[in-house]
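J.: To start, I am sharing the structure in question, which I have written as structure tokens.
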Amino acid sequence: MSEYRFVAMGCEVIVGGGTTADDAAIERLFAEREVVFSRFVRQSELNRVNASAGRWTVVSPLFAETLRIALDAADETEGLVRPTLGGALEAAGYTRDSSMLTPDPAPPATPPQPTGGPVFALGLVVGLEPGVALDLNGVVKALAVDDSLALMHGEGFVSAGGDVAARGELTVELPGERSVSLRRGALATSGSTKRWWLRGGQVQHHLIDPRTGRPAETPWSQVTACGASCLAADIAAKAGFLMGERGPGWLDRKGIPARFLTAVGEVTVNDAWRSSMREAVPCI
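Sequential numbering of the sequence shown, starting at 1413, is according to our numbering.
Structure below.
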């Protein structure tokens, strides 16, 4: 299967099985989403919305729909995967792409409060409370993968960082030098091993625990979840990571297969993952 590669959203994107037109359309989609949603693009719509905190602002249909999805994800994950952690990420030192961050002797700043204040959204009108800053990266990349796969005209896959969605069977490598056969749907991996940096000698990463406003402390280094879409898998993987020891059981209750890896390479899988491996059923 032919592969086309490019860099977007701070990671390598791989398109497998696409035509030349598919590849170009997918690269264009990722570039357009980055201009709208990146905290690191000065004139992005996200930064414009954050700068207007404390008053109403009109947003694009794409922004409004993505924000709605992010707010739904917060409800589905008991408030753990939420879009209102932009200020906490800034406080932790995530002020530009993690590959460009260098060790800083200054300690992390105190995260602002609130880290999860109300967001008011009505159609194309959005309002943030003063001090609230959005970061929609928790859903933007996964949505881009799903929307890119929809642009393809045949069987293939789209992979971005730890997220992959496929049409047709695909062998996917997992953290810890293992692989699985993805027969339909998507796999997503979230963790602290790729996007990390040092502040005051302390390791910081991009997965913020909204209960503390700081990078989450969890027994897992990476969590992989399976879903019908990349968006569903990504939200589940992030929630499993942030829930710590509760993660395997919480995802089991929702019927979501998930695999948990510790920093020393120990693997825990939940019952739904075991069942999916044994019965070779597609992700649901």
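Yeah, the Cβ is synthetic: ideal placement off N, Cα and C, and Gly gets one too.
#1: What does a CB cutoff of less than 6 angstroms around L1594 pick up in its chain, not counting 5 residues either side in sequence?
#2: Grouping DSSP H, G and I as helix and E and B as strand, with all else coil, what is F1475?
#3: Entirely within the segment 1551-1631 and at least 4 residues each: give me those alpha helix (DSSP H) ranges in chain order.
#4: Where do the ends of the beta strand (DSSP E) carrying F1672 lie?
#5: Taking the continuous beta strand (DSSP E) assigned at A1465, which residues delimit it?
#6: Does the distance from the CB of L1643 to the CB of L1561 come in under 8 angstroms?
#7: Would you kindly check if the distance between the Cβ of S1641 and the Cβ of L1673 is under 8 angstroms?
#8: Going by beta carbon distance, what residues of the same chain come within less than 6 angstroms of V1435, once the five residues before and after it are set aside?
#9: For the alpha helix (DSSP H) containing R1445, name the first residue and the last one.
#10: For P1694 and A1684, what's the separation of their Cα atoms in angstroms?
#11: What I want to know is whether the C-beta of V1470 ends up closer than 7 angstroms to one or more non-hydrogen atoms of the ligand ADP.
#12: Rounded to whole angstroms, what's the CA-CA distance from K1606 to T1680? Just pull it up for me.
#13: Classify V1693 as helix, strand or coil using the three-state DSSP reduction.
#14: Just mark K1666 as buried or exposed, buried being the case when its beta carbon has 16 or more other beta carbons within 10 Å.
#15: Does the Cβ-Cβ distance between D1559 and A1600 come in under 8 angstroms?
#16: Quick check on the burial criterion: 16 or more other C-beta atoms within 10 angstroms. Buried or exposed for H1618?
#17: Taking DSSP as the reference, what is the three-state secondary structure of F1418?
#18: Near P1631, what residues of its chain come up, given a Cβ to Cβ distance below 7 angstroms and the 5 sequence neighbours on each side ignored?
#19: Per the contact definition of three or more C-beta pairs closer than 8 angstroms, is the segment 1443-1457 in contact with the segment 1465-1480?
#20: Excluding the 5 residues flanking C1423 on each side, which residues of the same chain have their C-beta closer than 6 angstroms to its C-beta?
T.: Working from what's here:
#1: These residues qualify, in order along the chain: A1578, L1582 and V1584.
#2: Helix, per DSSP.
#3: The segment 1551-1631 contains no whole alpha helix (DSSP H) run of 4 or more residues.
#4: Residue range A1670 to L1673 is occupied by the beta strand (DSSP E) that includes F1672.
#5: A1465 -> no beta strand (DSSP E), and no H or E assigned at all.
#6: No, the Cβ-Cβ distance between L1643 and L1561 is not below 8 angstroms.
#7: Cβ atoms of L1673 and S1641: not closer than 8 angstroms.
#8: At residue 1435 the sequence reads Asp, which differs from the Val that was named. Cβ within range, chain order: Y1416 and V1427.
#9: It spans T1432 to F1449 - the alpha helix (DSSP H) in which R1445 sits, taken as one unbroken run.
#10: Its pLDDT being 45, under 50, P1694 is placed unreliably in this model, and the coordinates cannot settle the point.
#11: With respect to small molecules bound, the structure shown includes none, and the ligand ADP cannot be examined in it.
#12: Rounded to whole angstroms, K1606 to T1680 spans 20 angstroms at the Cα level.
#13: Its pLDDT being 43, under 50, V1693 is placed unreliably in this model, and the coordinates cannot settle the point.
#14: Classification of K1666: exposed, given that the 10 Å Cβ count is below 16.
#15: Between D1559 and A1600, the C-beta spacing is not below 8 angstroms.
#16: Under this definition H1618 is a buried residue.
#17: In the displayed model, F1418 falls within a strand according to three-state DSSP.
#18: Answer for P1631: G1656, E1657 and T1674, listed in chain order.
#19: Because the criterion of three Cβ pairs below 8 angstroms is met, the segment 1465-1480 and the segment 1443-1457 touch.
#20: If we look at C1423 and ignore the five residues flanking it on each side, its Cβ neighbours are A1572 and G1573.
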